[in-house]
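Just so you know, the protein sequences line up as chains A, B, C and D, in that order. Using the numbering used here, the first residue of the first sequence is number 205, and each one after it goes up by one. Using the numbering used here, the first residue of the second sequence is number 205, and each one after it goes up by one. Using the numbering used here, the first residue of the third sequence is number 460, and each one after it goes up by one. Using the numbering used here, the first residue of the fourth sequence is number 460, and each one after it goes up by one. Every residue, glycine too, gets a C-beta built ideally from N, C-alpha and C. Scroll down for the structure; my scribbles are underneath it.
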Amino acid sequence: MKKLINGVERIVYEQLEGLALAHPQLLRVAFDPHYIVRSRPPAANKVAVISGGGSGHEPLHSGFVGYGMLDGACPGAVFTSPTPDQIVACVQAVPRAAGVLLIVKNYTGDVLSFEMAAELLHMEGVTLRTVVVDDDVAVKDSLYTAGRRGVGATLMVEKIAGGAAEAGCGLDQVAELARRTNLGSRSMGLALSSCTVPAVGAPTFALAADEIEIGIGIHGEPGQKRLPCVTLDEMTALLAGAILDDGPYARVEREWSPQQGEWVECTLVNPPFAAGDRVIALVNGMGGTPLSELYAAYRSLVYFCRGRDIQIVRNLVGPYVTALEMAGFSITLTRVDDEMLHFWDAPVHTPALRWRM
Amino acid sequence: MKKLINGVERIVYEQLEGLALAHPQLLRVAFDPHYIVRSRPPAANKVAVISGGGSGHEPLHSGFVGYGMLDGACPGAVFTSPTPDQIVACVQAVPRAAGVLLIVKNYTGDVLSFEMAAELLHMEGVTLRTVVVDDDVAVKDSLYTAGRRGVGATLMVEKIAGGAAEAGCGLDQVAELARRTNLGSRSMGLALSSCTVPAVGAPTFALAADEIEIGIGIHGEPGQKRLPCVTLDEMTALLAGAILDDGPYARVEREWSPQQGEWVECTLVNPPFAAGDRVIALVNGMGGTPLSELYAAYRSLVYFCRGRDIQIVRNLVGPYVTALEMAGFSITLTRVDDEMLHFWDAPVHTPALRWRM
Amino acid sequence: MLIDGSFVRNWLATAAHDLQEAKAYLTQLDAAIGDADHGLNIARGFAAVVEKLDAAGGELDGVLKLTGTTLMSTVGGASGVLYGNFFVRAAAAVAGKQTLDAAQLAAALHIGLEGIIQRGRAAVGDKTMVDSWAPALEALDGAVASGAGLAAALQSAAAAAEAGMNSTLPLVAKKGRASYLGERSAGHLDPGAVSTYILLRALATVAAQAGPEGGERAASG
Amino acid sequence: MLIDGSFVRNWLATAAHDLQEAKAYLTQLDAAIGDADHGLNIARGFAAVVEKLDAAGGELDGVLKLTGTTLMSTVGGASGVLYGNFFVRAAAAVAGKQTLDAAQLAAALHIGLEGIIQRGRAAVGDKTMVDSWAPALEALDGAVASGAGLAAALQSAAAAAEAGMNSTLPLVAKKGRASYLGERSAGHLDPGAVSTYILLRALATVAAQAGPEGGERAASG
Ligand SMILES: Nc1ncnc2c1ncn2[C@@H]1O[C@H](COP(=O)(O)OP(=O)(O)O)[C@@H](O)[C@H]1O
Ligand SMILES: Nc1ncnc2c1ncn2[C@@H]1O[C@H](COP(=O)(O)OP(=O)(O)O)[C@@H](O)[C@H]1O
Ligand SMILES: [Mg+2]
Ligand SMILES: [Mg+2]
Ligand SMILES: [Mg+2]
Ligand SMILES: [Mg+2]
């Protein structure tokens with residue numbers, strides 16, 4: 205295994221230290237437990253938006269801490285959910301009088317850790333809400349699985365919720381926008397190569413020289429199926445087709461109710477995409493794929509969406525939600541309305557996303 | 205070979221089309237000959253800043269077209285210099301009354317093409333200047349070689365010259381700033397893996413599972429030497445050490461003299477770095493290395509520079525000057541003064557670099 | 460024989476050692492149907508437990524609670540919260556007690572397992588650690604009821620855990636990361652079921668080493 | 460035998476064919492000491508030349524000029540400008556002429572080579588295409604001076620180009636991309652020297668096929 209590392213044990217620590225050294229104006233990093241918060245604390249009456257997850261997906265989440273997006277992020281070990289105490293410490297390090305939104309990617313470990321943390325924070329008098337992101341259509345049902353994974357849509361949820369919080373919206377509105385963004389989003393990805401978890405030292409799965417893996421997650425998990433390598437247009441049709449052809453997706457989600465001080469179950473449904481929908485499109489690199497190829501993928505996606513009368517009103521092309529050095533890409537489409545678009549366009553200044561400031 | 209492509213012949217075309225589709229507010233692409241220019245033409249009395257080179261280094265140069273940076277870029281075939289007619293057509297597509305600066309990376313093909321284009325443009329009455337970027341300390345002398353290659357410093361030169369041009373500086377001042385930036389810059393890179401030129405279909409060089417290649421260029425050229433894989437801190441010491449320990453570098457450069465209407469030879473010298481220098485640091489990914497590892501490399505660089513009393517006043521961490529999907533990184537340090545820093549900080553809005561707007 | 464704080468310390472030290480030894484194996488199992496971190500997570504967490512316990516004093520409930528909170532803050536992933544919960548709940552169940560007999564131990568382990576199920580909402584057959592825990596505690600209950608000594612009772616629990624672990628091989632996962640694979644998850648052991656077996660095997664080993672048994676009735680009758 | 464526009468067309472078609480055949484080989488040579496594109500560049504450029512010439516009419520100088528500008532705009536890389544320059548200069552040197560004899564051809568090729576040297580500033584021994592061109596034109600001059608027929612003269616030029624090409628094997632490159640390698644460039648043929656040899660070999664082939672020779676003096680004397 206060749207990587208730019210000093211030793212397997214120090215990886216996350218040193219990467220976080222580098223991030224903090226590179227962006228002192230934006231963020232600071234606390235260690236043991238690890239978390240990242242803005243270096244210029246926002247107004248005391250701003251809703252705090254916090255997320256977190258395993259490391260190895262950078263710039264997600266640490267690269268999205270800053271004005272107009274996250275107030276804090278909790279990085280776990282590589283591909284491993286953060287622990288509840290990290291989340292508690294992170295929330296305690298930001299202004300939280302106006303309430304806290306926890307954005308959780310739907311993985312059992314992440315959900316369990318954030319649920320645990322939410323209960324602990326509630327006991328300490330913190331008003332909070334939770335939103336679970338679950339946009340990966342490669343996972344077909346939620347009755348027989350842990351439910352769809354949270355992947356590319358996490359970026360959209362963090363940006364739109366973060367923009368709303370920065371604009372002074374209250375906790376309920378910020379949470380509602382986050383949920384709406386998730387319910388408007390679907391993603392799917394494929395890999396040309398696996399990735400190597402540093403502590404393991406060997407690729408998680410093996411692909412032949414002419415094979416691609418369809419429906420991968422962001423942890424080197426094997427995907428839905430393996431196919432011989434096809435053209436980019438065919439790859440795009442596979443991914444975007446699965447997204448646009450996906451029927452209504454219903455599942456029961458646990459959300460924290462600050463009123464009741466406990467978990468409530470609610471049935472949430474992603475309506476399918478329909479002709480005429482306006483979307484934000486993310487063509488996301490998995491970490492080892494060069495930008496030039498992602499732009500070619502964006503071209504394919506534009507033609508595909510035109511054929512379905514889906515209108516791409518904003519786009520983002522680059523490696524944003526990655527799986528170490530995996531080669532491949534994913535597509536995320538998020539149906540937007542004017543309000544969501546307004547907060548998407550709102551100024552943002554983080555290490556990885558910056559506009560209008 | 206697995207890549208996100210539809211066919212070897214269409215690669216550059218489709219990637220450029222994707223770029224244009226993703227950024228219609230920023231740029232437009234012309235084909236046959238291929239070039240990229242801003243979609244909102246700048247003021248007629250602004251100096252035009254034009255660059256170009258082989259494709260496969262994205263976001264360089266196409267991703268730097270936009271406000272505050274390039275007016276136009278000329279992409280060649282993958283790893284192949286653009287042709288003179290492309291450069292001529294690109295310059296003819298931008299306002300050029302205030303003169304044109306051509307920024308040329310020092311490769312024989314690029315230099316020959318830009319020289320040819322400069323002569324043709326001069327015959328058509330265009331006032332122009334040329335600056336050759338040659339910052340790669342892995343190439344030791346210029347007496348016995350084609351001279352140092354242009355690599356990471358190209359970004360700095362394009363940003364600082366572009367900022368100056370946007371601010372209304374005249375051609376001579378813009379050219380002088382570009383030259384000063386180049387003379388303050390040094391770079392060196394290493395690879396963990398080779399890259400695969402699409403039309404070739406196989407990696408350009410082969411590295412064993414525990415080998416790294418030191419002193420690579422950005423075209424999959426073999427480097428200076430091959431070493432067993434070492435720790436990141438040792439890699440950084442190799443690269444940054446070579447940069448900081450490099451003595452004065454003198455060479456004879458041909459620059460176009462608009463006054464004389466011909467080429468003049470001038471001896472240019474990079475003074476060595478010295479304790480107390482203020483620098484912009486670029487930790488650049490070669491295309492296949494994830495961002496998280498680059499931040500760890502930045503951490504190493506910060507400690508190394510502290511030990512040498514070199515003050516990093518600005519930094520950029522990410523894949524900016526790439527070699528397809530090569531894994532590895534390079535370091536560029538650019539000594540800056542207040543004027544250079546002013547134009548570095550100036551607002552920029554391009555696909556790949558954006559700040560303060 | 461009664462279980463006290465030092466017995467539990469022995470158990471956890473043995474478990475930490477065995478899990479460290481099984482680290483690569485567990486990670487390899489997790490690579491097949493998960494994300495290749497279970498061995499790393501668990502080994503890291505139990506190593507931290509041993510370190511923390513060495514530094515801290517504490518009786519039975521204190522040891523169990525510190526184990527739970529340490530696992531919760533060092534393992535990460537699904538298994539971290541679940542194992543952490545297990546020990547925190549078990550600690551609460553034995554609060555104030557200095558020692559436990561076999562029946563009391565079984566009761567505490569049941570309360571721990573309830574914590575796992577309440578958080579993770581997995582049932583037997585979902586291809587999770589519950590597939591090792593549930594039959595193991597059932598066997599433990601049976602052995603205790605039939606008057607087996609502690610060592611023998613824990614031996615049958617470990618044997619049942621092993622069988623439960625092996626039962627996950629053909630199953631299609633319905634919980635956790637492995638569930639994403641659908642049918643492709645069949646044919647692999649569940650890594651958490653394996654680590655649970657190792658944990659219970661360590662418990663039986665420590666009991667067997669602890670020497671002269673009380674209640675030989677079942678063995679002799 | 461005299462050289463006219465259709466002779467040159469034959470030459471370029473043959474060269475395009477041969478370079479297409481050598482594409483992978485040339486690229487492989489360039490991979491060793493350059494950037495793995497020479498075969499692709501040259502094959503692409505000469506294919507474009509053939510296409511352009513097929514579409515356009517034109518006499519000797521027109522054919523050469525169109526060849527030069529087409530190479531310049533389609534090859535890319537160092538060799539594109541250099542080969543392009545070669546043909547543009549040679550075209551200028553024969554402007555207005557309908558045919559060339561061997562001495563006139565040699566003179567035009569010399570002017571082309573001057574274009575290469577003026578732009579690229581390489582000398583013999585720098586491990587570039589000049590190492591094939593220079594001895595080839597020297598041999599051509601010698602053959603013409605000694606009264607050889609066109610085919611024989613071009614045959615000696617091609618042989619000298621081949622020797623020149625082979626002479627690049629041990630050299631350390633001083634120009635172009637290969638120079639970055641320093642000592643490591645030794646032991647490899649220069650790709651541009653090889654493509655120049657192929658170009659000159661095609662010229663000799665076409666002359667040999669063109670049939671009955673004028674000036675057999677050298678051959679018979
Ligand atoms: N809902 C659940 N209930 C019980 N056990 C679970 C559940 N989800 C996962 N597990 C267990 O956790 C194990 C995986 O742990 P680990 O690899 O450490 O976490 P992660 O899946 O987050 O990477 C699985 O093998 C399974 O036994
Ligand atoms: N300065 C020079 N003078 C003459 N020939 C040169 C010079 N530089 C390079 N060449 C020739 O060009 C060849 C490389 O061409 P090519 O691979 O197409 O371009 P690039 O090096 O730009 O990729 C070399 O093998 C060499 O023969
Ligand atoms: Mg995990
Ligand atoms: Mg080239
Ligand atoms: Mg796991
Ligand atoms: Mg080349």
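Sequence-distant Cβ neighbours of B:T284 in its own chain, meaning closer than 6 Å and more than five residues away, are G258. Within the region 407-419 of chain A, the residues whose Cβ lies closer than 8 Å to some Cβ of chain C are T408 and F409, listed in chain order. Under the Cβ criterion of 8 Å, A:R353 is counted among the residues facing chain C. Rounded to the nearest whole angstrom, the CA to CA distance from C:M588 to A:V552 is 43 Å. Put simply, the CB of B:Y311 is near chain D, with a gap under 8 Å to one of its CB atoms. Comparing alpha-carbon positions, the option among A:V355, A:A382 and A:S266 lying closest to A:G367 turns out to be A:A382. For ligand 5, the residues with a Cβ under 5 Å from any of its heavy atoms are, in chain order, C:D489, C:G493, C:D494, C:D496 and C:H497. Per the Cβ contact rule, the region 469-481 of chain B is not in contact with the region 463-478 of chain A (fewer than 3 Cβ pairs under 8 Å).
Secondary structure of B:I209 (DSSP, three-state): coil. Scanning B:G424, B:C433 and B:E438 for the CA closest to the CA of D:Q487 turns up B:G424. Using a Cβ-Cβ cut-off of 8 Å, A:D437 is close to N210 of chain B, given in chain order. Between B:V251 and B:L375, the alpha-carbon positions lie close to 6 Å from each other. Taking C-beta atoms under 8 Å as the contact rule, D:A474 and D:A661 qualify, at a distance of about 4 Å. Its chain contains A252 and V330 as the residues whose beta carbon lies nearer than 7 Å to that of A:R300, once the 5 sequence neighbours on both sides are disregarded; these appear in chain order. Within the same chain, V292 come within 6 Å of B:L324 by CB-CB distance, once the 5 residues on both sides are set aside.
Judged by DSSP secondary structure, A:Y453 falls within the beta strand (DSSP E) whose first and last residues are Y453 to S461.
When DSSP states are grouped into helix, strand and coil, C:D496 belongs to the coil group. Looking from the CA of C:Y484, the closest CA among C:V653, C:L658 and C:I576 belongs to C:V653. Against chain B, the CB of D:Y639 has a partner CB under 8 Å away; the residue lies at that interface. In the pairwise beta carbon analysis, the region 527-538 of chain D is classified as not touching the region 556-570 of chain D: fewer than three pairs are separated by under 8 Å. With the criterion set as a beta carbon lying under 8 Å from some beta carbon of chain D, the members of the region 276-296 of chain B are G280, A281, V282, F283, T284, S285, P286, T287, P288, D289 and Q290, in sequence order. Beta-bridge partners of B:I240 (DSSP): B:V233 and B:A277. Shown here for D:F505: same chain residues with a beta carbon closer than 8 Å to its own, the five before and five after excluded, namely L471, A474, A475, L478, Q479 and L530 in chain order. When the Cα atoms are used, B:L208 and A:L498 turn out to be separated by approximately 8 Å. With respect to chain C, the C-beta atom of A:T526 has no partner C-beta closer than 8 Å. The three-state secondary structure of B:L431, taken from DSSP, is strand. Contact annotation for A:E370 against chain B: no contact, minimum CB-CB distance about 18 Å [criterion: below 8 Å]. Within the region 276-334 of chain A, the runs of alpha helix (DSSP H) at least 4 residues long that lie entirely inside it are, in chain order, 288-296 and 312-327. For B:M360, the enclosing alpha helix (DSSP H) begins and ends at A357 to E370. Residue state for B:P407 is assigned as strand, using DSSP reduced to three classes. For a Cβ distance threshold of 9 Å, residue set S496 of chain B lies close to A:S259, ordered along the chain.
Contacts with chain A (Cβ-Cβ distance below 8 Å) from the region 579-595 of chain C involve G579, listed in chain order. Leaving aside the five residues that flank C:V583 on each side, the residues in its chain whose CB is nearer than 7 Å to its CB run, in chain order, V589, D590 and A593. The straight-line gap separating the alpha-carbon atoms of A:V355 and A:G393 is approximately 9 Å. When DSSP states are grouped into helix, strand and coil, A:G256 belongs to the strand group. Within chain A, the residues F283, H423, G424 and E425 have their CB atoms less than 7 Å from the CB of C:D494, given in chain order.
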